[in-house]
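Here is the structure we will look at, set down as structure tokens.
Protein chains: 2
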Amino acid sequence: MGTHPENERINMRWDGWGDPDRAHGLPGGVKLLLAGVLGRVPKASAAPSLAGVVLTTPPLDDADLAALADAVGAAHVETGHDVRLLHAGGKSTPDLLRRRQSEQVAPGAVVLPGSEDEVAAVLAVAGERGLAVVPFGGGTAVTGGLEPDAGTHRGVLSLDLRRLTGLVALDDTDQEATLWAGTTGPAAEAALGEQGFELGHFPQSFEFATLGGFAAMRSSGQNSAGNGRFDTMVTGLRVVTPTGILDLGRAPGSAAGPDLVRWFLGSEGAFGVITQVRLRVHPVPEVRLFDAWSFADFASGADALRRVAQLGTGPTVIRLSDEAETGISLAQVGNIGQALARGCSAVVVHEGTDSLTQARREATTGVLRAAGGKPAAEKLAASWDHGRFKAPYLRDALLANGVFCETLETATTWSNLHVLKAAVTEALTGGLTQEGARSRVLCHISHVYPTGASLYFTVIAGLGPEPLEPWGRVKARVNDAIMAAGGTISHHHGVGTDHAPWLEQEIGAVGIRMLRAVKAELDPAGIMNPGALLGGS
Amino acid sequence: MGTHPENERINMRWDGWGDPDRAHGLPGGVKLLLAGVLGRVPKASAAPSLAGVVLTTPPLDDADLAALADAVGAAHVETGHDVRLLHAGGKSTPDLLRRRQSEQVAPGAVVLPGSEDEVAAVLAVAGERGLAVVPFGGGTAVTGGLEPDAGTHRGVLSLDLRRLTGLVALDDTDQEATLWAGTTGPAAEAALGEQGFELGHFPQSFEFATLGGFAAMRSSGQNSAGNGRFDTMVTGLRVVTPTGILDLGRAPGSAAGPDLVRWFLGSEGAFGVITQVRLRVHPVPEVRLFDAWSFADFASGADALRRVAQLGTGPTVIRLSDEAETGISLAQVGNIGQALARGCSAVVVHEGTDSLTQARREATTGVLRAAGGKPAAEKLAASWDHGRFKAPYLRDALLANGVFCETLETATTWSNLHVLKAAVTEALTGGLTQEGARSRVLCHISHVYPTGASLYFTVIAGLGPEPLEPWGRVKARVNDAIMAAGGTISHHHGVGTDHAPWLEQEIGAVGIRMLRAVKAELDPAGIMNPGALLGGS
Numbered sequence: 256m257g258t259h260p261e262n263e264r265i266n267m268r269w270d271g272w273g274d275p276d277r278a279h280g281l282p283g284g285v286k287l288l289l290a291g292v293l294g295r296v297p298k299a300s301a302a303p304s305l306a307g308v309v310l311t312t313p314p315l316d317d318a319d320l321a322a323l324a325d326a327v328g329a330a331h332v333e334t335g336h337d338v339r340l341l342h343a344g345g346k347s348t349p350d351l352l353r354r355r356q357s358e359q360v361a362p363g364a365v366v367l368p369g370s371e372d373e374v375a376a377v378l379a380v381a382g383e384r385g386l387a388v389v390p391f392g393g394g395t396a397v398t399g400g401l402e403p404d405a406g407t408h409r410g411v412l413s414l415d416l417r418r419l420t421g422l423v424a425l426d427d428t429d430q431e432a433t434l435w436a437g438t439t440g441p442a443a444e445a446a447l448g449e450q451g452f453e454l455g456h457f458p459q460s461f462e463f464a465t466l467g468g469f470a471a472m473r474s475s476g477q478n479s480a481g482n483g484r485f486d487t488m489v490t491g492l493r494v495v496t497p498t499g500i501l502d503l504g505r506a507p508g509s510a511a512g513p514d515l516v517r518w519f520l521g522s523e524g525a526f527g528v529i530t531q532v533r534l535r536v537h538p539v540p541e542v543r544l545f546d547a548w549s550f551a552d553f554a555s556g557a558d559a560l561r562r563v564a565q566l567g568t569g570p571t572v573i574r575l576s577d578e579a580e581t582g583i584s585l586a587q588v589g590n591i592g593q594a595l596a597r598g599c600s601a602v603v604v605h606e607g608t609d610s611l612t613q614a615r616r617e618a619t620t621g622v623l624r625a626a627g628g629k630p631a632a633e634k635l636a637a638s639w640d641h642g643r644f645k646a647p648y649l650r651d652a653l654l655a656n657g658v659f660c661e662t663l664e665t666a667t668t669w670s671n672l673h674v675l676k677a678a679v680t681e682a683l684t685g686g687l688t689q690e691g692a693r694s695r696v697l698c699h700i701s702h703v704y705p706t707g708a709s710l711y712f713t714v715i716a717g718l719g720p721e722p723l724e725p726w727g728r729v730k731a732r733v734n735d736a737i738m739a740a741g742g743t744i745s746h747h748h749g750v751g752t753d754h755a756p757w758l759e760q761e762i763g764a765v766g767i768r769m770l771r772a773v774k775a776e777l778d779p780a781g782i783m784n785p786g787a788l789l790g791g792s
Numbered sequence: 256m257g258t259h260p261e262n263e264r265i266n267m268r269w270d271g272w273g274d275p276d277r278a279h280g281l282p283g284g285v286k287l288l289l290a291g292v293l294g295r296v297p298k299a300s301a302a303p304s305l306a307g308v309v310l311t312t313p314p315l316d317d318a319d320l321a322a323l324a325d326a327v328g329a330a331h332v333e334t335g336h337d338v339r340l341l342h343a344g345g346k347s348t349p350d351l352l353r354r355r356q357s358e359q360v361a362p363g364a365v366v367l368p369g370s371e372d373e374v375a376a377v378l379a380v381a382g383e384r385g386l387a388v389v390p391f392g393g394g395t396a397v398t399g400g401l402e403p404d405a406g407t408h409r410g411v412l413s414l415d416l417r418r419l420t421g422l423v424a425l426d427d428t429d430q431e432a433t434l435w436a437g438t439t440g441p442a443a444e445a446a447l448g449e450q451g452f453e454l455g456h457f458p459q460s461f462e463f464a465t466l467g468g469f470a471a472m473r474s475s476g477q478n479s480a481g482n483g484r485f486d487t488m489v490t491g492l493r494v495v496t497p498t499g500i501l502d503l504g505r506a507p508g509s510a511a512g513p514d515l516v517r518w519f520l521g522s523e524g525a526f527g528v529i530t531q532v533r534l535r536v537h538p539v540p541e542v543r544l545f546d547a548w549s550f551a552d553f554a555s556g557a558d559a560l561r562r563v564a565q566l567g568t569g570p571t572v573i574r575l576s577d578e579a580e581t582g583i584s585l586a587q588v589g590n591i592g593q594a595l596a597r598g599c600s601a602v603v604v605h606e607g608t609d610s611l612t613q614a615r616r617e618a619t620t621g622v623l624r625a626a627g628g629k630p631a632a633e634k635l636a637a638s639w640d641h642g643r644f645k646a647p648y649l650r651d652a653l654l655a656n657g658v659f660c661e662t663l664e665t666a667t668t669w670s671n672l673h674v675l676k677a678a679v680t681e682a683l684t685g686g687l688t689q690e691g692a693r694s695r696v697l698c699h700i701s702h703v704y705p706t707g708a709s710l711y712f713t714v715i716a717g718l719g720p721e722p723l724e725p726w727g728r729v730k731a732r733v734n735d736a737i738m739a740a741g742g743t744i745s746h747h748h749g750v751g752t753d754h755a756p757w758l759e760q761e762i763g764a765v766g767i768r769m770l771r772a773v774k775a776e777l778d779p780a781g782i783m784n785p786g787a788l789l790g791g792s
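Those sequence lines, one after another, are chains S and D.
As numbered in the working numbering, the first sequence has no gaps in its residue numbers, which increase by one up to the final residue, 792.
As numbered in the working numbering, the second sequence has no gaps in its residue numbers, which increase by one up to the final residue, 792.
Here it is in structure tokens:
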């Protein structure tokens, strides 16, 4: 059973990242590198075909489907095998590994409302009929937040807002735009670009994720120091909950009690469905200036980034790879010679109007130079920019070749950064060694703040043909280490189901009670994304 | 009965603003101006003496006092007439007018805990014995949030954190400081200044208000574009609720669910007591550059400020007075000739390191000039800076002379700014005319954002010897007009009891249910600041 034409969107690969046409094999250079680092790794076993997977979640019954058809129209209730499987999870490495199993859990139906009223109608049907609802966004979640978990309910729906897309309003005086939550990153930029504006929010998931997903996950873009954090761009939200609709964000800078917009940034679909996002937009920059820098070591590079963040010279992007990541990256872009050199590379981008941007770049340059930075080939920065959305495709190639590859991330204050980095690295390598796997851990700073920074880790390991369970043990050890070392359980991947067991350590028992109290008030039947954020009951 | 020495702090005037030694009469120029604007205004009737006021709230019983003494020590439970009266309300004009009545409501006792454990112990006693608790902060609230309202309880305590002051920790690498919530603005700056840092948060209440109060009220400083908003400076909070303690703000940029710090910014003491505030601090600026500008009218000036905010050239202060306020201000500083000229004056301040600050100032200057601004005498900016904390003293002199004077404020998008300004002005002048009073309304933009700005109104009126009730009617009309015109009920004074009836229009019925759900969870007995934020039950 195919997809109804009106529900079409270029789907990501069902068992990998992104556009199937852009999948590729392992570059020769990487193969060589891997052999040196991990030794001989057996190829992964062949995955089942899409059609060959058996879906274990029972489909919904006829009365369910009739009620849903009443809510959104029969054409927008998809129950085909392929569509359900495409909505069976997110894109973490464990998600992709689960896609190789012969039996898989999938939502009973994928429901595609065409208006806010229809979203409310779907939640009403779900509440009446005892069905859980998982808001799908763009399907790029990496912390288990899209698990088709029925919780205590009879069945589970995937709610896909791909019909709620595009610009609702743009005020060019206020430089503020309202967009439907189902709009993807590229669609938003295209709609705004026609009128000379841009969002400039570029997380790794940019090409597929939706604005509603960015908001619900407190997304952090790669424009780390500029428009990096989605939560600083959002000025208003509309949210449909099972018990009513919220229209939040009445005025900039209001002091009318707690800012409830902020409650739904990071809400992960646990309280309701974000249907519209109002955002600050800005004119398309006149110039973008790329610089690459080299530092003697990670500590001196981190110190330089700190000085830039605290002085506030305003780069749009500023990131620093550690020694291990610098070596691998240089190898990837073919600079094997440089890869053998020591040090850490940084990428800096400034953008905006011509005159201000030049001045800011000069100020940043002054700080980095004074902190021991040496200018490096500019093409390294351009190469980062060119390749910024390609990493997940490389992961697919690695997994296909039997190499386990995953990313995880955290953040802390500057003064605690190296303690946290060492603790996570030790938990990864120690944990993987205990599982009998050789590994390599790479790390970079992707986001800087005046008081601290994020740490983004990539790990590759020879975990063997059944990596799910051993990786689960290693990941738990890493999360424990993050909490013990004072880090946050997530700087930008979110909580989902994977991190939910650690949330109480993050916000305390009283914080958990606050979340549960609002959940009970807005979603008394507990139908919204059971298991995500607050974990199973 | 005097105050125990350990509980001493320079108190504000019991029946006016600030330091009694800085009170003054009406300057001759202002008297002249008033006669022209308002006509003949009868002098206010004499207020009772401090000792002559009868307190109508029954004092607590012996068992209450014994339990409180157990919690904080007998020396820190103040029940003297004067101390109670000094904690009987905030500093809005209605508050000050109520201080002239012969019978007044006051808290049964003022309790001064000396540790976080003692705060928790006071809340426990209050819960057990059916007493409401009003966190006092620095006592500068202007929206009724300090009303000694027992709600459904038997009595009411004022909780004063003046013993919980000073620096807990300062990390100069992270540029982050933790301070006790009872620390006043000047005390915080003194403690940080010793180590080369500053907060740079200067609301009108700076000299008396506390950091806990700044946080609880989502305070906005006069450094509007720099460190104006307290909520952007706060990185962590400790909060004692009746049912447990929260320690929030684990890492910069966390995406671990909703940011609960933001729930308590604007919480107004309705959920618990903020005991510690963690903040981003910054080095004391090398330079501060003051500029004054003149615009042909408010519309062109506002448009110029918008361009600066959207380009992000980074002034610390940027504010614009409308024609009426410009005239009065110039008259006050003795420039009567200029006061007769048309136009609107703006004040701009840049600060930071020498080189960056000069560059930013040049960029701002370029924008303002291109938008039609003309440089004005720099001394006007210096004069604003010099007089920035004096306005409330002038209000005391006006009230003593029978002239009603009050301020109120709101915010909206740039495109709605003039509609909102006209609506508020009409509600004020129309309402006051209906009450038989001549009036003058002044307005300025104090805070700018990329998407909008705040509007701050000052009104003077000849409302007669009993202005409380007629002003109540006018203020209600203004609040209705703000909501009808799309403004927020408060940009920085907060909700308190005065604005509580309008909060549902601001955040919707579902938003109110969220606040009530968290209130019921954290404060099931409803002892925390009844009436504030959520209004009476």
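The beta-carbon is built from N, C-alpha and C at its ideal position, and this holds for glycine as well.
Contacts with chain D at 8 Å (Cβ-Cβ) do not include Thr-530 of chain S.
Going by C-alpha positions, Leu-320 of chain S is about 19 Å away from Val-360 of chain S. Put simply, the region 717-737 of chain S does not touch the region 536-555 of chain D. Fewer than three CB pairs are less than 8 Å apart. The criterion of a C-beta distance shorter than 8 Å is satisfied by Gly-786 of chain D and Gly-406 of chain D. Assignment of beta-bridge partners to Arg-484 of chain S by DSSP yields S:Ser-475. Contacts with chain D at 8 Å (Cβ-Cβ) do not include Met-783 of chain S. Along the region 734-750 of chain D, going in chain order, the ones with a CB nearer than 8 Å to a CB of chain S are Gly-741, Gly-742, Thr-743, Ile-744, Ser-745, His-746, His-747, His-748, Gly-749 and Val-750.
In this structure, DSSP gives Ala-764 of chain S a helical state, which the three-state scheme calls helix. For His-699 of chain D and Val-602 of chain D, the gap between their C-alpha atoms comes out near 11 Å. Partner residues in a beta bridge of Asp-514 of chain D, as assigned by DSSP, do not exist.
In the displayed model, His-342 of chain D falls within coil according to three-state DSSP, outside both helix and strand. Counting only runs of 4 or more residues that sit fully inside the region 384-449 of chain D, the alpha helix (DSSP H) segments are 440-448, in chain order. Taking the Cβ atoms as the reference, His-748 of chain S lies roughly 6 Å from Glu-664 of chain S, within the contact range of under 8 Å. Taking the CA atoms as reference points, Arg-505 of chain D sits about 7 Å from Glu-761 of chain S.
Distance from the CA atom of Gly-344 of chain D to the CA atom of Asp-350 of chain D, rounded to whole angstroms, is 6 Å. Membership of Arg-493 of chain S in the beta strand (DSSP E) is indicated by the continuous run 489-496. Not a single C-beta of chain S is nearer than 8 Å to the C-beta of Met-267 of chain D. Leu-310 of chain S and Ser-522 of chain S have their C-alpha atoms spaced approximately 29 Å apart. Boundaries of the alpha helix (DSSP H) harbouring Leu-323 of chain D: 317-327, taken from the DSSP string.
For His-702 of chain S, no beta strand (DSSP E) run applies, since DSSP gives it neither H nor E. Annotation: Gly-717 of chain D is outside any beta strand (DSSP E) and is labelled neither H nor E by DSSP. Residue burial is scored here from C-beta neighbours: Asp-317 of chain S has fewer than 16 other C-beta atoms within 10 angstroms and is therefore classed as exposed.
DSSP, read as helix, strand or coil, puts Glu-462 of chain D in coil. Straight across, the Cα-Cα distance linking Pro-630 of chain S with Thr-619 of chain S is about 12 Å. CA-CA distance, Val-365 of chain D to Gly-410 of chain S, rounds to 56 Å. Residues of the region 491-521 of chain D that bring their beta carbon within less than 8 Å of a beta carbon in chain S comprise Thr-496, Thr-498, Gly-499, Ile-500, Leu-501, Asp-502, Leu-503, Arg-505, Ala-506, Pro-507, Gly-508, Ser-509, Ala-510, Ala-511, Gly-512, Pro-513, Asp-514, Leu-515, Arg-517, Trp-518, Phe-519, Leu-520 and Gly-521, in sequence order. Residue range 646-655 is occupied by the alpha helix (DSSP H) that includes Pro-647 of chain S, with no beta strand (DSSP E) assigned at that position. Taking the C-beta atoms as reference points, Thr-713 of chain D is found nearer than 8 Å to Thr-662 of chain D.
Segment contact: the region 685-703 of chain S against the region 769-778 of chain S, fewer than three CB-CB distances shorter than 8 Å; contact not assigned. Here DSSP, grouped into helix, strand and coil, assigns Lys-629 of chain S to strand. Note that the region 647-661 of chain S touches the region 268-276 of chain S; at least 3 beta-carbon pairs, one per stretch, sit closer than 8 Å. Residue environment analysis places His-331 of chain S among the buried positions, since at least 16 neighbouring C-beta atoms fall within 10 angstroms of its C-beta.
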